[in-house]
Structures are given as structure tokens and as C-alpha cells.
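Residue numbers for the sequence shown follow my numbering, so the first one is 1470 and each next one is one higher.
We put the beta carbon where it would ideally sit given N, CA and C, even for glycine.
Each remark here refers to the structure printed beneath this line.
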Amino acid sequence: MSQDFFVEVICDIKDRLEIVESMEDYSKRCEFIEDIQYLMKVLKIAPSNEYPEIEEVEKQVNNLKNSNNFILNNDNIPSCSNSTYDDSDYVAENFNDIQNEYKAVKIAKEDGNYNEYISGIKTVTTKILNLYHATPNDHYLNSIIFDSYLEVKRELDEVNIASENEEKGKKERNKNLINIIDKECRNSSLSSDSTSWSEVVSKKKQTFDINDVKVTSIADKIRDNIPNDPRIPGSIPKKELHSNATYLGIRIIKEKSSGHGFESIFGKYIRLHKKDNSYKPVKSITVKDPYLSEDVQVKNILDFFKYCWRNINTLEKFEIITEAPKSQKNIVKLKKQYGKSKTDNQIVNMLNNQETKIRCFMSEIENHCKSSGVDFSATYEKNIHERYVYFDNGIFCTLERGFDFYYNNYNNSSNRDEWNCKATYVAYYRI
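Okay, here's the thing in C-alpha cells:
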């Protein structure tokens, strides 16, 4: 039984003791005293070192027994033949609660909440065993509770066997995942002044005289995508920027701030040719974002296209570059997320559904482009990370969050300046 159960019993006894002291009717006192007698039997299975209140309660009960107002039997418990208390009520009530908890555990299993299911089945097994020990042998629920315990115990044994088998293969899976992460790290583009993690830790020890350095477990590495010996970049490589790119400025967008519509962010950069002859009119726009899986993300890009079409009369092409759903990175991500609860085929089916959803999104944007007389193209690449907008007048805008920096606007205002934004930034370059 849980600790909360015994605390509840102790509180129940204390409440009944207070009530008995104020009672004048002898027969009613007898009923409450027999209730207390049964509850004290339940407390016999409670670990006394964890519940010091039990000793205090026992003293109060003994004081009540020794009161001259009662005739005591050989067990120092008042004999009350008129009592109508049925001790089966207390057992039945707790057994019913445990059964309901067991049903909830079953639902968690059906919903795929495997950790919740394992924790729940262990708790139910302990509770029902404790209830069986606390139930008198002649109680009508005694055998039923025992049969229920055997059923739940068999299920727990099956869970333990499955956990042991999973543990055997865990090291091999961890090794494979680490190898994948290491491979991705080696293949990634880093600046020439990058430094190995082990070297950074060594310098930290020498410089700051630090002896205790946290050891990262295999589980931490897999969860956080940390390779065995990662490299720390000395400077962030500008993968998409030309070496002669000129930094123009940055726009900081604070959390829950407004006034950051498309015109506010991009307006002056799409009209530069009107003030500076060195810029040409915009004819093509490229949007790159690896994560386009939600309706709101596609709506943001679609609204951005509509803004550009209304404000750039020379626009001829609109291009989107996004990540292919069935990339190695996404497969590893889903395997880590679902573990053994999803098979490889189920994960592939999930990615297939995701790919279908993204292509439907692209078709929706393509239809708007075609109806506006603008060419559209969608490109699917593997393992991309950058988020940016590139105007072919030479303006390159890096977007920390892509276009997913607007909070959902439940007022459905078409004026993006009125929308609240998430904290982010937009950096501007000329290339």
C-alpha cells in the first residue's frame, strides 16, 4: 500500500477518536470504537519507523479503552453487540479503488505510454498485495483479492522479462546511435579553428583548477546528440553566405512584442533599387526552412508570398527548400523518441505520412503562385539546418526561427503588425 493510504487511515482514526469523546449515546460510541478497532488492525502492516504517528494514536486508543465509561472484554476492546459496522466496506472500498487504478494503467498501455504503464503496474501490484495481507481470512473478498494479485503479478513478471531483454540490447543500440552521431559530426562543416571537446575540458581544468568534471553518460549523449569526442567550432561557418558578404544589420524581436509584420521586417530591402541604382528589382525569392510540418508554418510562408506578390511587381519566381522527411536525422530522432514502442515499419509509415502532408502543403502554395502568375519550385534536401530568405537583388536574411516566430492569432487579423511574436532575430546581409 502507498504511504498516502496509511496516512489516510491514521487521520481517520484521529477523527473518530475526537467524535467518540463528544458522544453521549453508548451504542453509537460502540460503533465508532469497533471502527477504530478494525483500522488499528490495518495499521499493523504499516512500517512503524516511517509512521511515528502510529504510537501516538495507540496511546489515545488505550486511553479510550481504559475509560470508565466502557465495559472492556479480554482484548481490552469494548464489547458492543449492537454494532452495525461492516468491516467489508473498508476493504471493498480500497479494492474498488485499486481496480480503477489498474484500469487506468491498462489505458496507459493502450495509448503507448509505456513508462507510465510500467510504473503503474508496479504500484498496483504492491497495493493489492498489501490489501490482501490486511484482509481477514474469513472476509468474503479475501480469495478474490488474492486471485487479482496473482493476475497482476503475472503481468508484472512479463514486464520485468521484457525489460531485461530490452536491457540486453540497449548497449548495442546505444553503440549504433553514437556511431551515427559521430558520423554526422565528422561530416559536418566546421571552421578551421574548431577545437575538440576533450581539449576544451583539459584547458578548463588547467586554467580554472577544476578537478571534478561531469561525466556525460551514454544516455545523455544520445538524448542531446553529443558525439564521443565532439568538436567545438571556433567561429560559425557561413555555409550559405559568400565570403564577401556585407553585414547590413540585425532586427531583435522581443518575446510577446508586436509591430513585426512582413513590411516592417522586409519592406525597405525589397525596394532598395528605388533609392540605390546598385540594386536591381527583385525577380526571385528563395525561402529555406528544414521544418515545415505544421499548418501554421505553411500559412506563415503563404502569407509571406502574398505580401511579396502585392509589393513586388517584378516577381517571377518563388522557391522553397525544405528537408526531406525520411532523412537519417529524422529516423534517429523518432527512434530515440519512441524507443521500443514503435517498430521500424511504424516509424517509416509516420515519415511517409509526414512527407505526404508536406507535399500537400507545397501543392497549396504552388496553386497560389500559379494563380498569381509566379513560377514555383520546391526542393527537398537531406540534413539541412539553415533558415533564411534570399532576394535575388542581393539581400540575404537569416531567420533564427524561420517564419515560425508568430504566436497563433486567434483574432484572425490579417495585419501581421498586430500579432505577438516569439523572441528571435533577423540578420541582414548583402551578397
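Measure the C-alpha to C-alpha separation of residue i and residue j and round it to an integer number of angstroms.
i, j, result
"I1719", "E1887", "21 Å"
"L1761", "D1481", "57 Å"
"V1478", "E1524", "14 Å"
"H1729", "E1585", "43 Å"
"C1777", "F1860", "11 Å"
"T1791", "H1854", "9 Å"
"N1782", "T1812", "51 Å"
"Q1806", "F1830", "25 Å"
"S1753", "S1632", "56 Å"
"H1837", "T1715", "34 Å"
"E1500", "L1533", "14 Å"
"F1475", "Y1520", "8 Å"
"K1483", "H1608", "25 Å"
"F1872", "E1562", "55 Å"
"N1862", "G1736", "13 Å"
"R1485", "K1809", "50 Å"
"V1526", "N1611", "27 Å"
"I1587", "K1578", "8 Å"
"K1839", "V1751", "18 Å"
"N1565", "F1615", "14 Å"
"E1635", "N1629", "10 Å"
"I1770", "K1743", "26 Å"
"R1779", "E1833", "18 Å"
In its own chain, which residues sit with a C-beta less than 7 Å from the C-beta of residue i, not counting the 5 before and 5 after it?
i, result
"Q1815", "none"
"I1567", "V1593, K1596, I1597, L1600"
"E1487", "none"
"S1617", "I1597"
"E1624", "I1590"
"A1439", "Within the shown structure, residues of the chain are numbered from 1470 to 1900, placing residue 1439 beyond reach of any answer."
"N1878", "W1888"
"Y1583", "S1810"
"V1466", "There is no way to answer for residue 1466, as the model of the chain reaches only from 1470 to 1900."
Identify the residues that DSSP records as bridge partners of residue i: which are they?
i, result
"T1848", "I1790"
"S1753", "K1786"
"V1843", "None, per the DSSP bridge assignment."
"Y1857", "K1757, T1867"
"T1715", "R1899"
"Y1875", "C1890"
"R1720", "V1895"
Relative to the C-alpha of residue i, which candidate in the options has its C-alpha closest?
i, options, result
"A1573", "N1565, D1745, G1589", "G1589"
"K1528", "N1769, E1785, E1519, M1509", "M1509"
"I1734", "K1752, Y1875, K1802", "Y1875"
"E1503", "F1872, I1613, N1836, Y1559", "Y1559"
"S1846", "F1774, F1865, V1801, C1866", "F1774"
"Y1507", "A1603, F1615, N1532", "A1603"
"R1899", "C1866, F1872, D1772", "C1866"
"R1828", "E1763, N1565, L1512", "E1763"
"N1713", "I1864, L1868, R1870, M1492", "I1864"
"N1785", "E1490, S1841, N1531", "A small correction: the amino acid at residue 1785 is Glu; Asn does not occupy that position in the sequence shown. It is S1841 whose Cα lies nearest to the Cα of E1785."
"K1851", "Y1894, N1822, N1531, P1759", "P1759"
Just to confirm my understanding: we take residue i, look at its own chain, exclude 5 residues before and 5 after, and list those with CB closer than 8 Å. What are they?
i, result
"K1497", "none"
"S1727", "D1886, E1887, W1888, N1889, C1890"
"N1884", "G1730"
"V1621", "Y1571, I1590, V1593, T1594, I1597"
"E1627", "none"
"L1803", "K1811, I1816, M1819, L1820"
"V1767", "L1761, F1830, E1833, I1834"
For residue i, collect the residues of the same chain with a Cβ closer than 6 Å to its Cβ; drop the 5 residues on either side in sequence, then sort them by chain order.
i, result
"E1522", "I1479"
"L1741", "Y1748"
"T1755", "E1788, Y1859"
"A1896", "I1719, T1867"
Looking at the structure shown, is residue i part of a helix, part of a strand, or coil, going by DSSP?
i, result
"Y1898", "strand"
"H1608", "coil"
"G1736", "helix"
"V1476", "helix"
"S1747", "coil"
"Y1776", "helix"
"D1764", "helix"
"D1484", "helix"
"E1493", "coil"
"K1622", "helix"
"T1592", "helix"
"T1812", "coil"
"A1515", "coil"
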